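Residue 150 in this note's numbering sits at position 29 of the sequence shown, and the numbers go up by one each step.
Take a look at the structure set out below.
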Amino acid sequence: MTLQEVTLLREALARAGERRLIWLEGEEADCIARAQSLLGETVFWLGAGPECYAPQPAAKAQQRLGQECDTLVFNAFSGFHPDAFGALAGTLCAGGLLLLLTPPRAQWPAWPDPDRIRLVAQPEEAGRAGHGFIARLVRLLEGDPALSLEPPVCSQPWQPIGPERRLSCDQTRALPAIHKVLHGHRRRPLVLSADRGRGKSALLGLAAAELLRQQPALNIVVTAPSQATVATLFAHAARGLDTTPEQLTGLSYCSPDRLVHEAMNPDLLLVDEAAAIPTPLLEAMLARHSRIVFATTEHGYEGTGRGFHLRFKRVLDSQTPEWQEIHLSEPIRWSERDPLEPLIFRLLGLNAEVATPLPPTSPSWRLVSQEALASDEALLNQLFGLLVLAHYQTTPSDLRSLLESPDLDIHLLEQDASLLGVALVAREGEIEPELAEAIWAGRRRPRGHLLPQSLLAHAGFKTAGGRSYARVMRIAIHPELHRHGLGSLLLGRLEEHYRQAGIDYLGSAFSASADLLPFWRKAGLEVLRIGLQRDAASGCHAALLLKALKPGHEPELDQWQQRFVRQLPTLLAGELKGLDPELVWQCLQGSTATAAELGEFERDEVECFALHHKPFELSQSSLQLWLARHLAVLGSLTPEERYLLIAAIWQYADWGRLAARLQLAGKPAVIKSLRALLARLLSSPTTR
122 MTLQEVTLLR
132 EALARAGERR
142 LIWLEGEEAD
152 CIARAQSLLG
162 ETVFWLGAGP
172 ECYAPQPAAK
182 AQQRLGQECD
192 TLVFNAFSGF
202 HPDAFGALAG
212 TLCAGGLLLL
222 LTPPRAQWPA
232 WPDPDRIRLV
242 AQPEEAGRAG
252 HGFIARLVRL
262 LEGDPALSLE
272 PPVCSQPWQP
282 IGPERRLSCD
292 QTRALPAIHK
302 VLHGHRRRPL
312 VLSADRGRGK
322 SALLGLAAAE
332 LLRQQPALNI
342 VVTAPSQATV
352 ATLFAHAARG
362 LDTTPEQLTG
372 LSYCSPDRLV
382 HEAMNPDLLL
392 VDEAAAIPTP
402 LLEAMLARHS
412 RIVFATTEHG
422 YEGTGRGFHL
432 RFKRVLDSQT
442 PEWQEIHLSE
452 PIRWSERDPL
462 EPLIFRLLGL
472 NAEVATPLPP
482 TSPSWRLVSQ
492 EALASDEALL
502 NQLFGLLVLA
512 HYQTTPSDLR
522 SLLESPDLDI
532 HLLEQDASLL
542 GVALVAREGE
552 IEPELAEAIW
562 AGRRRPRGHL
572 LPQSLLAHAG
582 FKTAGGRSYA
592 RVMRIAIHPE
602 LHRHGLGSLL
612 LGRLEEHYRQ
622 AGIDYLGSAF
632 SASADLLPFW
642 RKAGLEVLRI
652 GLQRDAASGC
662 HAALLLKALK
672 PGHEPELDQW
682 QQRFVRQLPT
692 LLAGELKGLD
702 PELVWQCLQG
712 STATAAELGE
722 FERDEVECFA
732 LHHKPFELSQ
742 SSLQLWLARH
752 LAVLGSLTPE
762 ERYLLIAAIW
772 QYADWGRLAA
782 RLQLAGKPAV
792 IKSLRALLAR
802 LLSSPTTR
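Okay, here's the thing in structure tokens:
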């Protein structure tokens, strides 16, 4: 295209509020040269490119969020990173051009894309990755309306947000609703839902600025999966108050984990990207705070909100039936006629939807290959839609992994043409002895092989590297079909399949909660490790579970599990001090580990505490030994009684918090309850 043709195209696109994708194929140097003749005034260049355009790698794409450009250059020769592509497409404003630089379309799928390195354990294994994701991109790009270079004709020019139009119609409607959350009745939360690019975060920032201008003493707290997520919100708030984000007062960020575990009492809580925060944390926020605005992205590159709609809105209906929702549908940077956004949605699976199936009568299981899935757009949309619905952080990069990861098995649970459930399983292990030794010693930490690496590096089990594992990465049943036993049915099919395939262990690793762990324990998987750090977004510790698929490995697994049980009380006194005691019990349930016999002195000390007046602190070491020796008694107790024993004896719980949790008057009342419980347990012949 000539410079004049490019200028006329941009002008026509700006009038119509539309954008276009220009696909430049060929040799990399030639594509870069051709791209330079198409650039506008504000250029974001991702991947290798001339230094004068400040090119950035995909890993730094997040730094551009909240900004705008009129030209986005995506150099796929540097790797096609789906999340970065989706994120930066939203920064391109009306009249803008997205320049996609790729090898010739016939060669692109098999071209050695650097992004494939993320899909394998060792860089030299990148050639093992599949080509399905890129082959599908090529197929979807060909002939799409977003690639048309005919200038659009529109009778009514599109009016962008600016000095003459400060807010969109949706934002104008939502702004007073945010104010009403603060000034109206308590316990009436507001949900703002929108696709990306609708000005949701900007609206929250503007609303916070207006409220702080009216009441400077307000304390408004913002939470989100990460502080980087709310940069746009804080930038708009600062602009509204004529200051900088660093100098803002009255508006602060707090991680979801801290928000629910620390005593905080803001006047207004703004929850941005609520869909990317696990439902239990959102429930805790709802219980603790009476004035909340939840903002959630329906279709986003960092996760999606459709699971939020199914799960959390039921909680809102139950806990705060007067809640209100406002949906922001009008785009901010482009018009609703723009063809580029629908194309991005299709390419990255952001519009993937799964139909609600009928209750099943005879479910069937099958393995589907990545090649078959990549060429079946209808099944792919159903499958990815189900993954998106079931997990709060399913991203476009997961779509690439789904279609190209070399050691991934895809299991479907179906009835006729309906998809009921899906399980993604990674084949891991059989690590070379030299590498396994280096991992155990902490000298190496290659990508992938999560189960054996964790067992080697964290648990210290030297034989773990040589074993083979089937790690269940995701198991998802349609939310409308929960409690039909389908998850257990699918997990049972996985166990049968991998046992026949000669795999040593079936396992999983996930953010553990007391409502999730029983599913895996019921299937016979043993807990072998609890991560020491809480995940900032989920607020949960990771759990690693295994089940031996060969009788010869059962003694080894039993040995590993006993080591975990013996180590756990030490960890509960330190890094795992905040672990839910009910989760502790679920980890220990059914354990065959045997602790050392108590000596006469320790038995006397436990009795003196329980039946007389010996201070707790002077008896605690003996009580810890006693509890380790009598784990079986925990099964006969109520959850509250288990909480009391585990939190007080092993976790050194704060007496005030423990009293509040158990609805007791204070430390003396807690000690009295603990003495009474132990006295009752000691009266049983099995605990003497």
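For each residue, glycine too, the CB sits at the ideal point set by N, CA and C.
Here the structure is a predicted model, which means the values were calculated and not measured.
Considering only 173, 171, 166, the residue with the shortest C-alpha distance to residue 181 is 166. The beta carbon of residue 155 lies closer than 6 Å to those of 145 in the same chain, with the five residues before and after it left out. Taking every protein chain shown into account, the CB of residue 262 has 16 or more other CB atoms within 10 angstroms, so this residue is buried. Taking 9 Å as the cut-off, the beta carbon of residue 592 is found no closer than this to the beta carbon of residue 453.
Selection 366, 367, 387 evaluated against residue 340 yields 387 as nearest (Cα-Cα).
When secondary structure is reduced to three states using DSSP, residue 393 falls in the coil class, being assigned neither helix nor strand. Closest by C-alpha distance to residue 412, out of 445, 472, 177, is 445. Linking residue 786 to residue 646 through their CA atoms gives a straight-line distance of about 40 Å. DSSP places residue 232 outside both helix and strand once states are collapsed to three, so it counts as coil. Per the DSSP secondary-structure output, residue 662 pairs in a beta bridge with 655.
Bridge partners of residue 194 according to DSSP: 166, 220. With fewer than three CB-CB distances shorter than 8 Å, the segment 561-575 does not count as touching the segment 610-618. In the DSSP assignment, residue 487 falls outside any alpha helix (DSSP H) and lies within the beta strand (DSSP E) extending over 485-489. Residue nearest to residue 393 within the set 355, 366, 368 is 355 (criterion: CA-CA distance). Around the Cβ of residue 459, a 10 Å sphere holds 16 or more other Cβ atoms; the residue is buried.
The continuous beta strand (DSSP E) containing residue 529 extends over residues 529-536. Residue environment: residue 222 is assigned as buried (16 or more neighbouring CB atoms within 10 Å of its CB, all protein chains considered). Counting only residues of its own chain and dropping the five nearest sequence neighbours on each side, residue 133 has a CB closer than 8 Å to the CB of 272, 273, 274.
In the DSSP annotation of this structure, residue 122 is not part of any alpha helix (DSSP H), being labelled neither H nor E.
The Cβ neighbour count for residue 184, taken over all protein chains shown within 10 Å, is under 16; the residue is labelled exposed. A straight line joining the alpha-carbon of residue 525 with that of residue 669 spans about 28 Å.
The alpha-carbon separation between residue 690 and residue 753 amounts to approximately 15 Å. Distance check between residue 217 and each of 357, 530, 137, 804 places 137 closest, using alpha-carbon atoms only.
The continuous stretches of beta strand (DSSP E) do not include residue 764, which lies in the alpha helix (DSSP H) extending over residues 760-766. According to DSSP, residue pairing for residue 141 in a beta bridge involves 218.
A Cβ-Cβ separation of about 4 Å places residue 381 in contact with residue 405 under the 8 Å criterion. Annotated three-state conformation of residue 543 is strand, per DSSP. DSSP, reduced to helix, strand and coil, places residue 344 within a strand of the structure shown. According to the DSSP secondary-structure assignment, residue 632 is paired through a beta bridge with 663. With respect to residue 687, residue 624 sits apart: the two C-beta atoms are not nearer than 9 Å.
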